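Throughout the sequence shown, residue numbering follows this note's numbering, covering 276 to 593 in sequence.
The C-beta atom is built at its ideal place from N, Cα and C for all residues, glycine as well.
The model shown is predicted, which means the values in this text are computed figures rather than measured ones.
In what follows, a structure is listed as structure tokens, so that the remarks can point back to it.
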Amino acid sequence: LREYCEVEVNPREEPPSKSELISRLKDKHALLCLLTDKIDAEVMDAAPDLRVISTYSVGYDHIDIEESTKRGIYVTNTPGVLTDAVADFTWALILTIARRIAEADGYVRGGRWKIAWSPTLFLGYSVYGRTLGIIGLGRIGIAVAERARGFNMRIIYYDVQRPPLDVERRLNAEYKPLEELLRESDFITLHVPLTRETYHLIGERELRLMKKTAFLINTSRGSVVDTRALAKALKDGWIAGAALDVFEREPIEEDNPLLKLPNVVLTPHIASATVEARSKMAEIAALNIISVLKGEKPQYLVNLNVLNVKPLEKVKMI
Numbered sequence: 276l277r278e279y280c281e282v283e284v285n286p287r288e289e290p291p292s293k294s295e296l297i298s299r300l301k302d303k304h305a306l307l308c309l310l311t312d313k314i315d316a317e318v319m320d321a322a323p324d325l326r327v328i329s330t331y332s333v334g335y336d337h338i339d340i341e342e343s344t345k346r347g348i349y350v351t352n353t354p355g356v357l358t359d360a361v362a363d364f365t366w367a368l369i370l371t372i373a374r375r376i377a378e379a380d381g382y383v384r385g386g387r388w389k390i391a392w393s394p395t396l397f398l399g400y401s402v403y404g405r406t407l408g409i410i411g412l413g414r415i416g417i418a419v420a421e422r423a424r425g426f427n428m429r430i431i432y433y434d435v436q437r438p439p440l441d442v443e444r445r446l447n448a449e450y451k452p453l454e455e456l457l458r459e460s461d462f463i464t465l466h467v468p469l470t471r472e473t474y475h476l477i478g479e480r481e482l483r484l485m486k487k488t489a490f491l492i493n494t495s496r497g498s499v500v501d502t503r504a505l506a507k508a509l510k511d512g513w514i515a516g517a518a519l520d521v522f523e524r525e526p527i528e529e530d531n532p533l534l535k536l537p538n539v540v541l542t543p544h545i546a547s548a549t550v551e552a553r554s555k556m557a558e559i560a561a562l563n564i565i566s567v568l569k570g571e572k573p574q575y576l577v578n579l580n581v582l583n584v585k586p587l588e589k590v591k592m593i
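This is the structure in structure tokens:
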């Protein structure tokens, strides 16, 4: 970025406050933000010369896309490069919750391992040969399904937009309506964006449809799941367990009931946290900005309609 622009960087790990973001954006033409930064109309009002918002993430629910498009601001993201990292991590969560790995690690570290071996010590559930339900068969959902074949799993999926038939055939994946998927799956993994339609997609009704021996995995967005309903489901035994990398509020609240439950694995939004994925995300986020400021269509443009509102030649600066 410094080859083409004057760059101001937030030096802290903590995201800037909204007021700080507003004050720093006043004379800026481009913003490279994180999913922790809420970019709404008020923020955009402070930056009349803003031409591009590049988010260092796949998700863009923290940005008001409609408002950006109306103002002729290009919004870009970083899909694709973190697919394998998130799919790998999804499988790490599946195996960790099914085989009680996190519990067992704490048991050993806590000095509670007193009997060398017992037939009932940390009994878990098999993964091999079970039914995997994938909600959202996009890039990441497909990558998760590809890995499931190595576990000889029956793969079923639900998506509002079905992929081409050749994708279903290659994965040996069967489409199911959401209710059927919930009833039949042993493991359900979520890979949908956060939208009005997917907010609390999994609530009390959906959790009650699941098997008592089933597990819920979420590496998408926290608000896709109703936290209160999930806590009740885990506490009362509607389902066997859950593994979550994302939450409705992040960082998770200290009084969140999930923290007190043994049948849930909790990680701090790190599904894409590999050196390879995060480095490539940073590179793409920077290149997206440079492309727009050069008057070129960026590799990953979220709001395609912005091309009609303000053509690229009108945002070109370098």
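Cβ-Cβ separation, residue j to residue i (assumed contact under 8 Å), whole Å
| i | j | result |
| --- | --- | --- |
| Ala362 | Ile415 | 6 Å |
| Tyr331 | Met556 | 6 Å |
| Leu370 | Val402 | 6 Å |
| Asp315 | Glu295 | At roughly 15 Å, the Cβ-Cβ gap does not stay under 8 Å, so Asp315 and Glu295 are not in contact. |
| Ile430 | Lys451 | 10 Å between Cβ atoms; not a contact. |
| Leu587 | Glu571 | 7 Å |
Residues bridged to residue i [DSSP beta-bridge criterion]
| i | result |
| --- | --- |
| Glu449 | Ile431 |
| Tyr335 | Note: Tyr335 sits in no beta bridge, so no partner. |
| Val222 | With the chain covering only 276 through 593, there is no way to say anything about residue 222. |
| Gly408 | Ile431, Ile463 |
| Val500 | Ile477 |
| Phe490 | Phe462, Gly516 |
| Ile314 | Ile338 |
| Val540 | Ala518 |
| Leu576 | Thr351 |
C-alpha gap between residue i and residue j, whole angstroms
| i | j | result |
| --- | --- | --- |
| Thr470 | Pro286 | 31 Å |
| Lys591 | Ile492 | 43 Å |
| Asn427 | Arg405 | 8 Å |
| Ala508 | Val521 | 18 Å |
| Arg413 | Ile340 | In the sequence on display, residue 413 carries Gly and not Arg. Roughly 21 Å separates the two Cα atoms. |
| Ile564 | Asp320 | 20 Å |
| Glu421 | Arg444 | 12 Å |
| Thr542 | Glu378 | 14 Å |
| Asn352 | Leu568 | 16 Å |
| Glu525 | Thr502 | 12 Å |
| Glu523 | Tyr400 | 28 Å |
| Glu289 | Ser393 | 46 Å |
| Trp388 | Lys293 | 48 Å |
| Ile463 | Val327 | 37 Å |
| Pro537 | Val318 | 41 Å |
| Tyr575 | Glu283 | 23 Å |
| Pro438 | Glu528 | 37 Å |
| Arg277 | Ile545 | 28 Å |
| Glu449 | Gly425 | 17 Å |
| Glu472 | Arg458 | 21 Å |
| Ala373 | Ala423 | 14 Å |
| Tyr382 | Thr395 | 14 Å |
| Ala322 | Ala305 | 9 Å |
| Asp380 | Glu281 | 48 Å |
Cβ-Cβ distance between residue i and residue j below 8 Å
| i | j | result |
| --- | --- | --- |
| Ala552 | Leu357 | yes |
| Ala560 | Leu325 | no |
| Leu465 | Gly411 | yes |
| Ala518 | Val540 | yes |
| His337 | Asp312 | yes |
| Glu479 | Ala506 | no |
| Ala418 | Ser460 | no |
| Leu476 | Val442 | no |
| Leu482 | Glu454 | no |
| Gly347 | Val550 | no |
| Asn580 | Thr344 | yes |
| Gly355 | Pro468 | no |
| Leu456 | Tyr474 | no |
Per-residue burial, residue i [other beta carbons within 10 Å of its own, 16 or more giving buried]
| i | result |
| --- | --- |
| Ile593 | exposed |
| Ala391 | exposed |
| Ser495 | buried |
| Pro573 | buried |
| Arg375 | buried |
| Ser329 | buried |
| Gly272 | Since the displayed the chain opens at 276 and closes at 593, residue 272 lies outside it and no answer follows. |
| Ser547 | buried |
| Phe397 | exposed |
| Asn578 | buried |
| Ser554 | exposed |
| Val435 | exposed |
| Val350 | buried |
| Ser566 | buried |
| Leu300 | buried |
Proximity test, residue i beta-carbon vs the ligand MG heavy atom, cut-off 7 Å
| i | result |
| --- | --- |
| Lys345 | Because no ligand of any kind appears in the structure shown, any question about the ligand MG cannot be addressed here. |
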